[in-house]
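Using this note's numbering, the first residue of the sequence shown is number 540, and each one after it goes up by one. Each residue gets a CB set at the ideal place from its N, CA and C atoms; glycine is no exception.
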Amino acid sequence: MSLVSNLMKWAGWALVALFSLLIAWMSLDYLHLAAEDLRVIPNPPSEEWALRLHALGGLIALAVGPWQFIGLVRRRAPIIHKTLGYIYLAGVTLGVVGASVLAQTPQGVGANRFAFGMLAVIWTISTAQALRFALAKNFDAHRRWMMRSFALTFAAVTLRLGMMLLPQAGFGGDDAYTIVAWASWTINLVLVEWVLLPATSRSGA
Numbered sequence: 540m541s542l543v544s545n546l547m548k549w550a551g552w553a554l555v556a557l558f559s560l561l562i563a564w565m566s567l568d569y570l571h572l573a574a575e576d577l578r579v580i581p582n583p584p585s586e587e588w589a590l591r592l593h594a595l596g597g598l599i600a601l602a603v604g605p606w607q608f609i610g611l612v613r614r615r616a617p618i619i620h621k622t623l624g625y626i627y628l629a630g631v632t633l634g635v636v637g638a639s640v641l642a643q644t645p646q647g648v649g650a651n652r653f654a655f656g657m658l659a660v661i662w663t664i665s666t667a668q669a670l671r672f673a674l675a676k677n678f679d680a681h682r683r684w685m686m687r688s689f690a691l692t693f694a695a696v697t698l699r700l701g702m703m704l705l706p707q708a709g710f711g712g713d714d715a716y717t718i719v720a721w722a723s724w725t726i727n728l729v730l731v732e733w734v735l736l737p738a739t740s741r742s743g744a
């Protein structure tokens, strides 16, 4: 790998890690603020626990995920890599449980509800596949499925970026939210599949 390619790779990782940690830090609000002070108010209020659970799981996965892609950690400290992997798995599990409950509430309706429901399903499948291949010691396949899983975790970042940028393009309110509900994870997944295409073409995975 050329020096330029290596620098671009690390710059990309640093950018992803920075945004992941920033959104994870912002998500801490959902753990300690009163329900009426949250950016998203649970509806009905009885589902407040699901919102907080989803936030907790998401911030754990966001905070841990980027470090799993550092080859030096995988090679020199496999125990740390494995431990962080199980912490990431726990975060995704909590996030999916919370999201599944929230998708059934009155504010989770129509296209948005279907989009986030699909995200929860694919997030679960990709993470489960990553775990399956890790246990089978098929680490190439494990890495590919972890990239897919984290692309879906990173939807928490792209959703917030979309909600900031779309109003500048003339979209607002429900229209903007419906767009980002789909785009926040489908774009991430398409980009990862594009990155993985040469590897998957060679291996057939």
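Any chance the CB of Ala720 is under 8 angstroms from a heavy atom of the ligand SAH?
With respect to small molecules bound, the structure shown includes none, and the ligand SAH cannot be examined in it.
Nearest to Leu633 by CA position, among Ala616, Leu611, Leu590, is which residue?
Translated into positions along the sequence shown, residue 633 becomes position 94. Taking each of Ala616, Leu611, Leu590 in turn and checking the Cα distance to Leu633, the smallest one comes out for Leu590.
Under the assumption that Pro605 contacts Trp552 (Cβ atoms under 8 angstroms), give the Cβ distance between them as a whole number of angstroms.
For the purposes of this step, residue 605 is taken as the residue at position 66 of the sequence shown. For the purposes of this step, residue 552 is taken as the residue at position 13 of the sequence shown. Between Pro605 and Trp552, the beta carbon gap of about 7 angstroms places them in contact (Cβ cut-off 8 angstroms).
Run of the alpha helix (DSSP H) containing Gly711, from where it starts to where it stops:
Position 172 of the sequence shown, counted from the start, is the residue given in the question as residue 711. Counting along the chain, Gly711 falls outside any alpha helix (DSSP H), and DSSP gives it neither H nor E.
I'd like the span of the alpha helix (DSSP H) that includes Glu587, first residue to last.
Counted from its first residue, the sequence shown places residue 587 at position 48. Element bounds for Glu587: 587-603.
Can you list, in chain order, the residues of its chain with a C-beta nearer than 8 angstroms to that of Arg651? Leave out the 5 residues immediately preceding and following it.
The residue you call residue 651 lines up with position 112 of the sequence shown. Per the sequence presented here, residue 651 reads as Asn, with Arg not at that position. Closer than 8 angstroms at Cβ, skipping near neighbours: Tyr716, Thr717, Ala720.
Quick check on the burial criterion: 16 or more other C-beta atoms within 10 angstroms. Buried or exposed for Phe678?
Within the sequence shown, residue 678 is the residue found at index 139, counting from 1. The C-beta of Phe678 has fewer than 16 other C-beta atoms within 10 Å across all chains shown, which makes the residue exposed.
Other residues of its chain near Trp724: CB distance less than 7 angstroms, five sequence neighbours each side excluded:
Mapped onto the sequence shown, residue 724 falls at position 185. Once the five neighbours on either side are set aside, the close Cβ partners of Trp724 are Leu658, Leu691, Ala694.
Secondary structure at Phe693, three-state DSSP: helix, strand or coil?
Within the sequence shown, residue 693 is the residue found at index 154, counting from 1. If DSSP states are grouped into helix, strand and coil, Phe693 belongs with coil.
Alpha helix (DSSP H) segment containing Ile609, residue limits:
As a first step, residue 609 is located in the sequence shown; it is residue number 70 there, counting from the start. No residue range can be given for Ile609, since it is assigned to no alpha helix (DSSP H) and is classified by DSSP as neither H nor E.
Could you check which residue in Glu587, Ala600, Pro737 has the C-alpha nearest to that of Ile562?
The sequence position of residue 562 within the sequence shown is 23, counting from 1. Out of Glu587, Ala600, Pro737, the CA that lies nearest to the CA of Ile562 is found in Ala600.
State the Cα-Cα distance for the pair Val729 and Arg683, rounded to the nearest angstrom.
By 1-based counting over the sequence shown, the position of residue 729 is 190. By 1-based counting over the sequence shown, the position of residue 683 is 144. Distance between the alpha carbons of Val729 and Arg683: 13 angstroms.
Residue span of the alpha helix (DSSP H) that contains Ala669, given as start and end
Taking the first residue of the sequence shown as 1, we reach residue 669 at position 130. Per DSSP, Ala669 is one residue of the alpha helix (DSSP H) stretching across 649-674.
Would the beta-carbon of Leu636 fall within 9 angstroms of that of Leu570?
Within the sequence shown, the letter at position 97 stands for residue 636. Within the sequence shown, the letter at position 31 stands for residue 570. Here the sequence assigns Val to residue 636, which means Leu is not the residue at that position. Between Val636 and Leu570, the gap from beta carbon to beta carbon reaches 9 angstroms or more.
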